[in-house]
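Some notes on the structure that comes next.
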């Protein structure tokens with residue numbers, strides 16, 4: 022392990038976080054908030070500067086970062102960013118308990134959107150801005166952002182991106198990884214600016230438009246209102262946000278391909294077709310059920326499309342209490358929590374491409390059982406998928422299920438009902454946000470114990486970083502030295 026290089030890059034990331042905190046300080050000044058709020062960010066900036074500077078004092082003897090180093094760097098980056106990012110909540114008094122603040126910050130950076138806050142609207146604007154801004158920072162990836170702007174990262178970039186970018190595989194858009202990262206961020210920022218303009222044009226206040234756009238872009242779901250998007254009572258904004266949640270759940274590589282003039286190639290992408298087909302089918306079924314049991318067709322369609330878009334993209338915004346919906350509708354939403362968005366998007370979950378590979382692999386196994394001599398590979402987009410990748414997807418699912426079972430077992434110690442215990446883990450590891458029962462659309466995670474919050478914090482990080490980086494921190498203890 023090249024620890025000096027890891028700490029050197031980590032120091033640069035912490036200094037970058039200190040610079041990013043200038044924005045909430047500016048918000049605090051604009052809204053003339055108390056000195057304590059601005060001071061909370063300034064103190065955090067000073068601590069980040071000191072920690073980052075200390076980590077960069079010793080220059081690494083070797084500049085190279087390999088796969089294991091990349092995993093370790095990604096895990097430590099997200100932990101340190103969250104640990105320091107929680108300080109403004111504590112120092113300002115917005116969230117006095119550090120574990121609660123850490124939970125909220127991890128939920129922000131991992132774009133989960135689960136919250137321990139019971140009253141959001143009374144909080145200072147700068148705190149609300151920072152809370153939503155963490156979604157925007159974490160959406161595309163903290164280290165992908167660093168690759169785009171920091172020098173001397175090109176040689177190590179691929180191992181870092183493989184460890185951080187969600188999905189079963191990652192590749193370059195152009196020959197240089199830094200250029201690829203800049204292209205991705207240009208598309209990401211461009212889409213967010215368009216969303217801000219559209220929301221503001223729909224009579225949403227400018228501050229709310231910015232924070233909501235940040236939360237939508239990162240598919241996070243933190244809102245500045247207690248009742249989330251429902252609180253605006255604005256059908257236009259609901260539709261705009263729903264459409265953009267779907268768009269942010271698409272693999273960003275397809276946007277680059279489209280901008281290059283290859284729209285037909287992008288449209289033919291198999292994962293995209295699975296994604297859009299699932300949204301259409303889920304929306305149709307829920308709409309019909311709500312029309313029969315509750316609302317007229319138009320209102321049912323609006324509610325169903327928004328909530329399906331929110332859950333499958335793992336954003337977590339709400340416009341209604343979906344926990345009170347009929348059983349079939351709730352089951353569909355629960356399945357969408359597992360399914361998630363496309364690989365290479367800002368969404369969470371298992372990812373559509375993984376599920377497609379698992380389904381095709383299972384289909385192949387069934388065929389082989391009836392015809393043992395049959396030789397057939399798994400294909401995506403008409404091309405064979407490497408067996409190592411298929412095995413990797415299956416292994417990922419096994420680890421994913423084990424983590425869920427262990428987490429649910431620990432959460433159950435709190436004594437909450439079974440639905441709360443199970444869906445709290447499911448929503449956190451899939452980075453969705455709300456779930457069912459006590460943590461439904463109108464609930465929160467405040468009543469859970471500190472132990473449960475720490476377990477769910479680990480789940481949020483593990484889910485966002487695709488499990489392996491978080492386990493790499495403990496590799497010294499769980500992996501034999503000869504394999505490490």
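Residue numbers (this note's numbering): 22 to 505. By construction, the Cβ of each residue, glycine as well, lies at the ideal position given by its N, Cα and C atoms.
CA nearest to the CA of residue i, picked from the options
| i | options | result |
| --- | --- | --- |
| residue 413 | 65, 368, 342 and 487 | 487 |
| residue 108 | 146, 442, 59 and 83 | 59 |
| residue 255 | 223, 432 and 91 | 223 |
| residue 322 | 263, 44 and 38 | 263 |
| residue 465 | 135, 475 and 494 | 135 |
| residue 334 | 355, 361, 311 and 353 | 361 |
| residue 113 | 78, 260, 420 and 65 | 65 |
| residue 422 | 49, 74, 344 and 446 | 446 |
| residue 75 | 238, 25, 352 and 489 | 25 |
| residue 484 | 345, 417 and 202 | 417 |
| residue 452 | 351, 476 and 358 | 358 |
| residue 492 | 242, 420 and 475 | 420 |
| residue 269 | 290, 236 and 250 | 236 |
| residue 86 | 27, 128, 124 and 33 | 27 |
| residue 296 | 280, 320, 329 and 457 | 329 |
| residue 124 | 489, 494, 490 and 475 | 475 |
| residue 346 | 471, 462 and 387 | 462 |
| residue 146 | 229, 371 and 391 | 229 |
| residue 54 | 78, 161, 144 and 116 | 144 |
| residue 23 | 467, 81 and 344 | 81 |
Residue i - DSSP class collapsed to helix/strand/coil
| i | result |
| --- | --- |
| residue 401 | strand |
| residue 463 | coil |
| residue 243 | coil |
| residue 292 | helix |
| residue 254 | coil |
| residue 286 | helix |
| residue 494 | coil |
| residue 346 | coil |
| residue 468 | coil |
| residue 203 | helix |
| residue 363 | coil |
| residue 193 | In this predicted model, residue 193 has a pLDDT of only 48, less than 50, meaning its place in the structure is not dependable enough to derive any value. |
| residue 456 | coil |
| residue 387 | helix |
| residue 80 | coil |
| residue 115 | coil |
| residue 213 | helix |
| residue 226 | coil |
| residue 38 | helix |
| residue 271 | coil |
| residue 142 | coil |
| residue 354 | helix |
| residue 23 | coil |
| residue 482 | helix |
| residue 371 | coil |
| residue 280 | helix |
| residue 341 | coil |
| residue 237 | helix |
| residue 393 | coil |
| residue 259 | helix |
Anticipated Cβ contact below 8 Å, residue i with residue j, distance rounded
| i | j | result |
| --- | --- | --- |
| residue 337 | residue 252 | Their Cβ separation, rounded to whole angstroms, is 15 Å, which puts residue 337 and residue 252 out of contact at 8 Å. |
| residue 368 | residue 240 | 5 Å |
| residue 308 | residue 325 | 4 Å |
| residue 331 | residue 341 | That belief does not hold up - the Cβ atoms of residue 331 and residue 341 are roughly 11 Å apart, past 8 Å. |
| residue 104 | residue 111 | About 11 Å separates the two Cβ atoms, so there is no contact after all. |
| residue 232 | residue 245 | 5 Å |
| residue 31 | residue 97 | 6 Å |
| residue 293 | residue 271 | 6 Å |
Range covered by the alpha helix (DSSP H) that runs through residue i
| i | result |
| --- | --- |
| residue 408 | 408-432 |
| residue 121 | 119-130 |
| residue 537 | Residue 537 lies beyond the residue range present for the chain, which begins at 22 and ends at 505; the question has no answer from this structure. |
| residue 49 | 43-51 |
| residue 72 | 56-76 |
| residue 146 | 146-161 |
| residue 439 | 439-450 |
| residue 315 | Element bounds for residue 315: n/a, residue is neither H nor E. |
| residue 106 | 88-106 |
Interface flag, residue i vs chain D, CB-CB below 8 Å
| i | result |
| --- | --- |
| residue 128 | Checking the listed chains, one finds no chain D in this structure; it contains a single protein chain. |
- Task: Report yes or no: do the segment 213-233 and the segment 296-303 share at least 3 C-beta pairs separated by less than 8 Å?
- Result: When Cβ pairs closer than 8 Å are counted between the two stretches, the segment 213-233 is seen not to touch the segment 296-303, the count staying below three.
- Message: Whether or not the segment 308-325 and the segment 414-434 are in contact is what I'm after, with contact meaning three or more pairs of Cβ atoms, one per stretch, closer than 8 Å; do they touch?
- Response: Touching, no.
- Count the C-beta pairs between the segment 436-446 and the segment 400-410 that are closer than 8 Å, then say yes if the count reaches three, no if not. Contact between the segment 436-446 and the segment 400-410 is absent, because fewer than three Cβ pairs lie under 8 Å.
- Item | Cβ contact check for the segment 281-299 and the segment 344-353: 3 or more pairs under 8 Å | The segment 281-299 makes no contact with the segment 344-353: fewer than 3 CB pairs, one atom from each, lie closer than 8 Å.
- Task: Decide if the segment 36-49 is in contact with the segment 145-156; the criterion is three or more beta carbon pairs, one per stretch, under 8 Å apart.
- Result: The segment 36-49 is in contact with the segment 145-156.
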